[in-house]
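**Student:** Provided herewith is a single structure, encoded as structure tokens, for subsequent inquiry.
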Amino acid sequence: MYKYDQYDQAMVDARVEDFRDQVRRRIAGDMNDDQFKPLRLKNGLYLQLHAYMLRVAIPYGTLNSRQLRKLAEIARKYDRGYGHFTTRQNLQYHWIKLEDAPDILAELATVEMHAIQTSGESIRNISADQYAGAAADEICDPRPWAELLRQATSFHPEFSYLPRKFKICVISSPADRAALRWHDCALRIVRNEAGEEGFEVYAGGGMGRTPFIAYKIRDFCPAAQIFSYIQAILRVWNLHARRDNIHKQRMKILVHDLGEEEFRRQVEEAFQHFLTLDTDFPQAEYDRIAAYFTPPPFETGLPDDIDRSDPDFALWVDQQVIAHKTPGYAIANISLKPIGGIGGDATAEQMEVVADLAERYSFDDVRVTHAQNLVLPHVRKQDLYAVWQALHEAGLADANLDLVTDVIACPGLDYCTLANARSIPVAQKIQRRFAEMERQLDLGELKIKISGCINACGHHHAGHIGILGVDRKGTENYQLLLGGSGAEDTTQAKITGPGFDEDGVVDAVERAIERYRELRDPGERFIDTYRRVGLDAFKEAIYG
Amino acid sequence: MRLLTGNDLKTGAVIWWTGRDWSVHVEDAADAGEHGEAILAAEEGARRVNGGYMIDAIDTTQGPRPAHIKDRIRARGPTVRPDLNLKPADPAAGDWVI
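Just so you know, the protein sequences line up as chains A and B, in that order. For the first sequence, the residue numbers in the UniProt record's numbering are 1 to 544. For the second sequence, the residue numbers in the UniProt record's numbering are 1 to 98.
Dropping the structure here:
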């Protein structure tokens, strides 16, 4: 993975000291909250319901064991012994003290981590496929490009006062495991007919109160020109964004107001201008960054079979283990969705267990997924049983990847100032309702996503079943949505009808799922049945 | 009744105006009546509270109960982590969050 050079370290260390001084001045009364708030947000520090919340960037969801141990140490020393992995591959601490924040950032800097651009009107942490560098179906590792873009856009003056936040995602597989088209700018690495690498470019996606799926605005942008193209996109947005209305400032609004063709035309015009400025990454710089992402020294001649004699282990393998590009290796997914637990939460002890396993069995590599799970990307198949045993002991061996209990949920009203309703208790009730493993397996892939407000941090627009919490006269109410997807078959979920109370929405989910069971063809997923029969067939079951 | 609440500047802890000072226990909260805005202005100026605002509450036998669920959750802590919740100063206080 990428290692800071002296410039990176100096920048991050300087930023910590800047913030230390800003905190000191705020506490001393030299700044009021209006003056201080934008500064703390630029360092990932929010004020939430119960305390300050610090969002730590995990670039493209990649961690090493030293970093994960540091996150655990911070959780124990400065928080309440746990952290929350988010739907953007980051980690949040929910019980931070302002006076501790500079020390926490200083500790993060010792392991090449920070919280810069995890909030505010900036280019946020660039996300990527969690299986990057390991997936059997990828063209190449997308992370060197994500890292180049991270470096090029961090502290970039033109991107320091954007109209709103801007989210970039990079993948290189036909399968989309990163909710690509729900990003402001989405890049998929492809090869053209000449075999050259370049990017399919999508723009204008996003969830929130006005969801849009990104358009593909270019079939192929040569790799060597991608920074010019991204600058062109940002230039058009920066010039024309609706800065007068916070609800219309995201780029998706501009793209859809201008229309696909006009937005593309303006971007192409700006692109030609940027090409003349010679601001693209030199090949030598790409090579320098890519060298940090060379594959680990995989062994050859390893056995490719797995001893499945332990049925619990076999179940875990079937559900959690994914094909690796290298024979004898596998990708092991770690569920952070225990039945009745809090999705995405990991205790300091669990983080340390995963760090130990990564160091011993996965070339010191851990990934965070947007579905709030973890991944050991490079495990020898012969080591999977030992890994599973250790996970089992740590309460991390649930076998529910992409099943009905693998629910994505934002922190909701239990933690978040913006939320209108609680998300986590709904997720827990759904998990308990469908806890029986046989039932989960019978239902197959079924992605439930819950947000506690229209900001959609729980990705409800992209759920096969989505749930949106709203405030109805001071009472929590939940709208049910069906038919969304964040995969390569991206679709936006539709609201089924009137909302429900907390128990009512769980019952409604069950009625929708039972209707699916009645209607499905053999081997058909929930989302496929929905697309075949349409919303009305489900509404009838949901509302009677 | 009207309560004043906000977060402690240094720690971020939820705090409630008691009439003379701030407490982390909503049971200690006093009716700020019509003076809330003036108290908040003074207290924010003195950096004893951050992000302060006024809320409606009901005076119950167990003490003030914030009218809105968001403030009830602020008063007690996340409903999904009772182990982290602030225990009421009065152990007889009921669980009125939801």
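Ideal Cβ placement from N, Cα and C applies to all residues, glycine included.
By DSSP, does Tyr329 of chain A sit in helix, in strand, or in coil?
**Tutor:** Here residue 329 of chain A refers to the residue found at position 329 of the first sequence. In this structure, Tyr329 of chain A counts as strand in the three-state DSSP scheme.
**Student:** Do Ala537 of chain A and Arg511 of chain A have their C-beta atoms closer together than 9 Å?
**Tutor:** Residue numbering aside, residue 537 of chain A sits at position 537 when the first sequence is read from its first letter. Residue numbering aside, residue 511 of chain A sits at position 511 when the first sequence is read from its first letter. No.
**Student:** Specify, as a first and last residue, the run of the beta strand (DSSP E) that His240 of chain A falls within.
**Tutor:** The residue given as residue 240 of chain A occupies position 240 in the first sequence. Run containing His240 of chain A: none in the beta strand (DSSP E); it sits in the alpha helix (DSSP H), 226-240.
**Student:** For His156 of chain A, verify whether its CB is less than 8 Å away from any heavy atom of the ligand MN.
**Tutor:** For the ligand MN, the structure offers nothing, since it holds no ligand at all.
**Student:** Give the single residue among A:Arg531, A:Met1, A:Arg188 whose Cα lies nearest to the Cα of Pro222 of chain A.
**Tutor:** Your numbering for residue 222 of chain A matches position 222 in the first sequence. Ranking A:Arg531, A:Met1, A:Arg188 by Cα distance to Pro222 of chain A puts A:Arg188 first.
**Student:** Which chain A residues sit within Cβ distance under 7 Å of Ile73 of chain B?
**Tutor:** As a working note, residue 73 of chain B is residue 73 in the second sequence. Neighbours of Ile73 of chain B on chain A, chain order: Leu49, Leu413, Asp414.
**Student:** Shorter than 9 Å from the beta carbon of Ile454 of chain A to some beta carbon of chain B?
**Tutor:** Against the first sequence, residue 454 of chain A aligns to sequence position 454. Chain B, which has no Cβ nearer than 9 Å to the Cβ of Ile454 of chain A, makes this no.
**Student:** Show which residues of chain A have a CB atom less than 9 Å away from the CB atom of His68 of chain B.
**Tutor:** Indexing the second sequence from 1 puts residue 68 of chain B at position 68. Ordered by position in chain A, the residues that pass the 9 Å Cβ test against His68 of chain B are Asp471, Gly474.
**Student:** Determine, using beta carbons only, whether Asp184 of chain A and Gly204 of chain A come nearer to each other than 9 Å.
**Tutor:** By one-based count along the first sequence, residue 184 of chain A stands at place 184. By one-based count along the first sequence, residue 204 of chain A stands at place 204. Yes, the pair counts as a contact, with Cβ atoms nearer than the cut-off.
**Student:** Grab the span of the beta strand (DSSP E) containing Ile39 of chain B for me, first residue to last.
**Tutor:** Locating residue 39 of chain B in the second sequence gives position 39, where the first residue counts as 1. From DSSP, Ile39 of chain B is part of no beta strand (DSSP E) but of the alpha helix (DSSP H) over 36-45.
**Student:** Looking only at C-alpha atoms, which of A:Val317, A:His378, A:Arg265, A:Lys97 sits nearest to Thr326 of chain A?
**Tutor:** Here residue 326 of chain A refers to the residue found at position 326 when the first sequence is read from its first residue. Residue A:His378 is the option with its Cα nearest to Thr326 of chain A.
**Student:** Interface residues of chain B around Glu99 of chain A at Cβ under 8 Å?
**Tutor:** Walking along the first sequence from the start, residue 99 of chain A turns up at place 99. Residues of chain B passing the Cβ test: Lys10, Thr11.
**Student:** Under 8 Å between beta-carbons, which chain B residues line up against Pro425 of chain A? List them in chain order, please.
**Tutor:** Taking the first residue of the first sequence as 1, we reach residue 425 of chain A at position 425. Those are Thr79, Val80, listed as they occur along chain B.
**Student:** Is it buried or exposed, Gln35 of chain A, if we count other Cβ atoms within 10 angstroms and call 16 or more buried?
**Tutor:** Along the first sequence, read from residue 1 onward, the residue named residue 35 of chain A stands at position 35. Label assigned to Gln35 of chain A: exposed.
**Student:** Would you mind listing the alpha helix (DSSP H) stretches within the region 349-425 of chain A that are 4+ residues and don't spill past its ends, in chain order?
**Tutor:** 384-393
**Student:** In the structure shown, what three-state DSSP assignment does Phe500 of chain A receive?
**Tutor:** Locating residue 500 of chain A in the first sequence gives position 500, counting from the first residue. Note: Phe500 of chain A maps to strand in three-state DSSP.
**Student:** Within the 9 Å Cβ cut-off, does Asp33 of chain A reach chain B?
**Tutor:** The residue you call residue 33 of chain A lines up with position 33 of the first sequence. It does: the Cβ of Asp33 of chain A has a partner Cβ on chain B nearer than 9 Å.
**Student:** Within a Cβ cutoff of 6 Å, which residues of the same chain sit near Leu468 of chain A, ignoring the five residues on either side of it in sequence?
**Tutor:** As a working note, residue 468 of chain A is residue 468 in the first sequence. Counting only Cβ-Cβ distances below 6 Å, and skipping sequence neighbours, we find Ser451, His460, Gln479.
**Student:** When the cut-off is 9 Å and only beta carbons count, does Tyr478 of chain A lie next to chain B?
**Tutor:** Taking the first sequence and counting its residues from 1, one reaches residue 478 of chain A at position 478. No, Tyr478 of chain A does not count as interfacial toward chain B.
**Student:** For a test of the three-state rule: what should DSSP assign to Tyr2 of chain A, helix, strand or coil?
**Tutor:** If you number the first sequence from 1, residue 2 of chain A lands on position 2. Of the three classes helix, strand and coil, the one that applies to Tyr2 of chain A here is coil, per DSSP.
**Student:** Give a yes or no on whether the C-beta atoms belonging to Asn152 of chain A and Met113 of chain A are separated by under 9 Å.
**Tutor:** The residue labelled residue 152 of chain A in the question sits at position 152 within the first sequence. The residue labelled residue 113 of chain A in the question sits at position 113 within the first sequence. In the sequence on display, residue 152 of chain A carries Ala and not Asn. Result no, Cβ atoms of Ala152 of chain A and Met113 of chain A do not sit closer than 9 Å.
**Student:** Please list the partners that Arg20 of chain B has in chain A, where partner means a Cβ-to-Cβ separation under 9 Å.
**Tutor:** Translated into the one-based positions of the second sequence, residue 20 of chain B becomes position 20. Listed by position along chain A, the residues whose Cβ is nearer than 9 Å to that of Arg20 of chain B form an empty set, because the closest Cβ is around 21 Å away.
**Student:** In terms of DSSP beta bridges, what is Arg65 of chain B paired with?
**Tutor:** Taking the first residue of the second sequence as 1, we reach residue 65 of chain B at position 65. Residue pairing by DSSP puts Arg65 of chain B in a beta bridge opposite B:Ile58.
**Student:** By how many angstroms is the C-alpha of Gln320 of chain A removed from the C-alpha of Ala51 of chain A?
**Tutor:** For this step, residue 51 of chain A is matched to residue 51 along the first sequence. For this step, residue 320 of chain A is matched to residue 320 along the first sequence. Their backbone Cα atoms lie some 35 Å apart in a straight line.
**Student:** Looking only at its chain, what residues have a beta carbon closer than 6 Å to the beta carbon of Asp471 of chain A, apart from the 5 residues adjacent to it on each side?
**Tutor:** By one-based count along the first sequence, residue 471 of chain A stands at place 471. Excluding positions up to five away in sequence, the list reads Asn420.
**Student:** Looking at the structure shown, is Leu4 of chain B part of a helix, part of a strand, or coil, going by DSSP?
**Tutor:** Start at 1 with the first residue of the second sequence, and residue 4 of chain B comes out as number 4. Per DSSP, reduced to three states, the secondary structure at Leu4 of chain B is strand.
**Student:** Distance check for Ala355 of chain A and Ser154 of chain A, CA to CA, integer angstroms please.
**Tutor:** Here the question's residue 154 of chain A lines up with position 154 in the first sequence. Here the question's residue 355 of chain A lines up with position 355 in the first sequence. Taking the straight line joining both Cα atoms gives about 28 Å.
**Student:** Measure the CB-CB distance between Leu357 of chain A and Val317 of chain A and report whether it falls below 9 Å.
**Tutor:** Indexing the first sequence from 1 puts residue 357 of chain A at position 357. Indexing the first sequence from 1 puts residue 317 of chain A at position 317. The answer is no: Cβ separation not under 9 Å.
**Student:** Please list, in chain order, the chain A residues whose beta carbon lies closer than 8 Å to that of Arg47 of chain B.
**Tutor:** Looking up residue 47 of chain B in the second sequence gives position 47. Neighbours of Arg47 of chain B on chain A, chain order: Ile27, Gly29.
**Student:** CB Asp31 of chain B to CB Leu3 of chain B, shorter than 9 Å?
**Tutor:** Translated into the one-based positions of the second sequence, residue 31 of chain B becomes position 31. Translated into the one-based positions of the second sequence, residue 3 of chain B becomes position 3. Yes, these two residues count as a Cβ contact at 9 Å.
**Student:** Shortest alpha-carbon distance to Gln22 of chain A belongs to which of A:Pro38, A:Lys381, A:His240, A:Ile513?
**Tutor:** For the purposes of this step, residue 22 of chain A is identified with residue 22 of the first sequence, where counting begins at 1. That would be A:Pro38, whose Cα lies nearest to the Cα of Gln22 of chain A.
**Student:** In whole angstroms, what is the alpha-carbon distance linking Gly534 of chain A and Glu488 of chain A?
**Tutor:** Your numbering for residue 534 of chain A matches position 534 in the first sequence. Your numbering for residue 488 of chain A matches position 488 in the first sequence. Taking the straight line from one Cα to the other gives about 20 Å.
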